[in-house]
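Participant: Residue numbers (the numbering used here), protein chains in the order written: chain A, 80 to 175; chain B, 80 to 175; chain C, 80 to 175; chain D, 80 to 175; chain E, 80 to 175.
If you scroll down you'll find the structure; I have some questions about it.
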Amino acid sequence: MRIARVIGETIATIKSDRVHGTKLLILRQTTHTGEVIGKPYVAVDLVDAGVGDLVLTGHGSAARQTHLTKECPVDAVIAAVVDHLEVDGEVVFRTQ
Amino acid sequence: MRIARVIGETIATIKSDRVHGTKLLILRQTTHTGEVIGKPYVAVDLVDAGVGDLVLTGHGSAARQTHLTKECPVDAVIAAVVDHLEVDGEVVFRTQ
Amino acid sequence: MRIARVIGETIATIKSDRVHGTKLLILRQTTHTGEVIGKPYVAVDLVDAGVGDLVLTGHGSAARQTHLTKECPVDAVIAAVVDHLEVDGEVVFRTQ
Amino acid sequence: MRIARVIGETIATIKSDRVHGTKLLILRQTTHTGEVIGKPYVAVDLVDAGVGDLVLTGHGSAARQTHLTKECPVDAVIAAVVDHLEVDGEVVFRTQ
Amino acid sequence: MRIARVIGETIATIKSDRVHGTKLLILRQTTHTGEVIGKPYVAVDLVDAGVGDLVLTGHGSAARQTHLTKECPVDAVIAAVVDHLEVDGEVVFRTQ
């Protein structure tokens, strides 16, 4: 799973049937210290995340393991909001 | 899911049986401001998208979650047409 | 799906049971104008493609959606031979 | 599967239902000599690995082949702890 | 599928239940002439390959299409040993 920061939201008026009713957030992958790296991507929000949150995203068929996303043509979900990250026993990131 | 722009169409006279009857569009991934990045790829259109549209594409087995593409050897679909994108509360892209 | 050019063939005398009887072609991804980019890879041919053809390849579980490849340990198939590609209403590639 | 080193742990207070109760470790891919390369990622621990261990991680649907992770929105698991690695008949890495 | 060379073996004393009894080889992707490129990765051997062999590896769910690997948390298998590779009608690689 990727560590990522929620940076925004996607508003789409035309959607495939099964994507209706999902909240589609824009994210960018981060390092374990919360530094943004990589390209923006879009994931379905499962945990009521907000802009600025550091989260974990599951990709591929992982994205369709929930009632909300089962049989949807989506390939990424936000599965958890990060509280803090520890590396070598030290806290390297903490939600403020 | 990727944010992408539809740039063209693929015309293929010889296709595997189950790919017949699908519209195969050419896309390039974009940033959240609609700037094109990355290599061109091809996806099945589920939402009647047109050249120039900013869309969301689902990849991998996500592409086979619809009646049109079930059991097809395809790995990407256009699942939504983007109306606008918001980053940090500001609209950074809007369809014209 | 990737746009790719068939560049050669793989001859393997020792194969996993379920890979026997498949034609394994070597490909390289191309741009929408047919320019070769990226590393070579191998895909099962579903459409009787030949060396030099521009084709579309499906990846991941997409590769096992056919009778020929069902339950095979393969992850890429050639699903279509490209006739021509249009970008912004202009033909940018045409098979000769 | 990737060769990777466990570098830390993720503490997440808000999780999708099915991710509760899993240990989510932070990893970085390594070479066959244990040199760290690539971006950090997060995987569910199946083998009671600890920080500093060299491990093998399975990705994609591989991550949901166990009772712990079945139908979870996760896409990576730690499937083994490496004891040693041999290249060309020589031990190039050994756990201390 | 990737063209790859077997460079070594992984010895892991602690493994997830379903990975026990599999031979886990270390590989590096190659070009069609056998030149090594890319990062090392690990795959389950289905065809009794040895160090030095040029092989084809299947990735993702392709890796679990065999009795040996069904329901294992593995994401790569060696599906064939390459005898020779032809590009544009010429043999560009042959096993010695």
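Ideal Cβ positions, reconstructed from N, Cα and C, are used throughout, including at glycine.
Bear in mind that the values here come from a model prediction, so they are computed numbers and not experimental data.
Interface residues of chain C around L106 of chain E at Cβ under 9 Å?
Facilitator: Within 9 Å Cβ-Cβ: nothing; L106 of chain E doesn't reach chain C, min ~14 Å.
Participant: Would you be able to state if there are at least three C-beta pairs under 8 Å between the stretch 100–111 of chain D and the stretch 151–169 of chain B?
Facilitator: Flag = no, the stretch 151–169 of chain B and the stretch 100–111 of chain D do not touch.
Participant: Could you work out which residues of chain D lie near I116 of chain E, taking near to mean beta carbons separated by less than 7 Å?
Facilitator: Going along chain D, no residue has its Cβ under 7 Å from I116 of chain E, so there is no contact; the nearest lies around 14 Å.
Participant: Output needed for E150 of chain A: all residues of its chain with C-beta closer than 8 Å, excluding positions within five of it in sequence on either side, in chain order.
Facilitator: If we look at E150 of chain A and ignore the five residues flanking it on each side, its Cβ neighbours are R97, R143.
Participant: Suppose you measure from the CA of G168 of chain D to the CA of A155 of chain E; what does that come to, to the nearest Å?
Facilitator: Approximately 22 Å between the Cα atoms of the pair.
Participant: When you compare only the Cα positions, how much space is there between V121 of chain A and A83 of chain A?
Facilitator: Their Cα atoms are separated by approximately 11 Å.
Participant: Assess, as a yes-or-no matter, whether the stretch 128–143 of chain D is touched by the stretch 130–141 of chain E under the definition of 3 or more beta carbon pairs within less than 8 Å.
Facilitator: With a cut-off of 8 Å, the stretch 128–143 of chain D and the stretch 130–141 of chain E count as touching, because enough Cβ pairs lie within range.
Participant: In chain order, what residues of the stretch 143–155 of chain E put their CB closer than 8 Å to some CB of chain D?
Facilitator: Answer in chain order: R143, E150, C151, P152, V153, D154, A155.
Participant: Do the stretch 122–136 of chain D and the stretch 88–95 of chain B make contact, defined as three or more Cβ pairs closer than 8 Å?
Facilitator: Touching, no.
Participant: Report all residues from its chain with a CB closer than 6 Å to the CB of Q108 of chain E; omit the five preceding and five following residues, and keep chain order.
Facilitator: Excluding sequence neighbours, Q108 of chain E sits near R81, A83, I116, G117.
Participant: Can you grab the Cα-Cα spacing for the pair V153 of chain E / D127 of chain E, in whole Å?
Facilitator: Between V153 of chain E and D127 of chain E, the C-alpha separation is close to 17 Å.
Participant: Indicate whether V160 of chain A and V130 of chain A have their beta-carbon atoms separated by less than 8 Å.
Facilitator: Not in contact: V160 of chain A and V130 of chain A (Cβ atoms no closer than 8 Å).
Participant: To which residues of the same chain is L147 of chain E closer than 6 Å at the C-beta, ignoring the five residues directly before and after it?
Facilitator: Same-chain partners within the cutoff: there are none.
Participant: For V85 of chain E, list the residues DSSP reports as bridge partners.
Facilitator: Per DSSP, E:L106.
Participant: From T174 of chain C to D132 of chain C, what distance separates their C-alpha atoms?
Facilitator: So the alpha carbons of these two residues sit roughly 8 Å apart.
Participant: State yes or no: is the beta carbon of V130 of chain B nearer than 8 Å to at least one beta carbon in chain A?
Facilitator: No, V130 of chain B does not count as interfacial toward chain A.
Participant: Could you give the DSSP three-state label for G137 of chain B: helix, strand or coil?
Facilitator: Looking at G137 of chain B - three-state DSSP - the assignment turns out to be strand.
Participant: What residues of chain D sit near I86 of chain A, judged by a beta carbon separation below 7 Å?
Facilitator: Neighbours of I86 of chain A on chain D: none; closest Cβ ~17 Å, over 7 Å.
Participant: Looking at C-alpha atoms only, which residue of E:P119, E:T110, E:E114 is the closest neighbour of T110 of chain D?
Facilitator: Answer by Cα proximity: E:P119.
Participant: Is D124 of chain C helix, strand or coil by DSSP?
Facilitator: In the structure shown, D124 of chain C sits in a strand (DSSP, three-state: E or B).
Participant: How would you call T145 of chain E, buried or exposed, if buried means at least 16 neighbouring beta carbons within 10 angstroms?
Facilitator: Result: buried.
Participant: Identify every residue that forms a DSSP beta bridge with V130 of chain D.
Facilitator: Answer by DSSP bridge pairing: none, since V130 of chain D is not bridged.
Participant: How should T112 of chain B be labelled, buried or exposed, when 16 other C-beta atoms within 10 angstroms of its C-beta is the threshold for buried?
Facilitator: By the 10 Å Cβ count, T112 of chain B comes out exposed.
Participant: Taking only beta-carbon atoms, is S121 of chain D less than 8 Å away from chain E?
Facilitator: At residue 121 of chain D the sequence reads Val, which differs from the Ser that was named. Not one chain E Cβ lies under 8 Å of V121 of chain D.
Participant: Should V170 of chain E go down as buried or exposed, given a rule of 16 or more other Cβ atoms within 10 Å for buried?
Facilitator: Label assigned to V170 of chain E: exposed.
Participant: Return helix, strand or coil for A142 of chain A, following the three-state DSSP convention.
Facilitator: Looking at A142 of chain A - three-state DSSP - the assignment turns out to be helix.
Participant: Which residues of the stretch 158–170 of chain A have a Cβ closer than 8 Å to any Cβ of chain D? Give them in chain order.
Facilitator: Correct list: A158, A159, V160, V161, D162, H163, L164, E165, V166, D167, G168.
Participant: Take the Cβ of G87 of chain C as the centre, count every other Cβ of all protein chains shown within 10 Å, and call the residue buried at 16 or more, exposed below.
Facilitator: G87 of chain C is buried by the Cβ-count criterion.
Participant: Please list the partners that L125 of chain B has in chain A, where partner means a Cβ-to-Cβ separation under 8 Å.
Facilitator: Here the neighbours are S95, P152.
Participant: What is the DSSP secondary structure of V98 of chain B, counted as helix, strand or coil?
Facilitator: Reduced to three states, the DSSP call for V98 of chain B is helix.
Participant: If you draw a straight line from the alpha carbon of F172 of chain E to that of I157 of chain C, how long is it in whole angstroms?
Facilitator: About 23 Å.
Participant: State the start and end residues of the unbroken beta strand (DSSP E) segment that holds H111 of chain A.
Facilitator: Counting along the chain, H111 of chain A falls outside any beta strand (DSSP E), and DSSP gives it neither H nor E.
Participant: Can you look up E150 of chain A in the DSSP assignment and give me helix, strand or coil?
Facilitator: Residue state, collapsed to three classes: coil.
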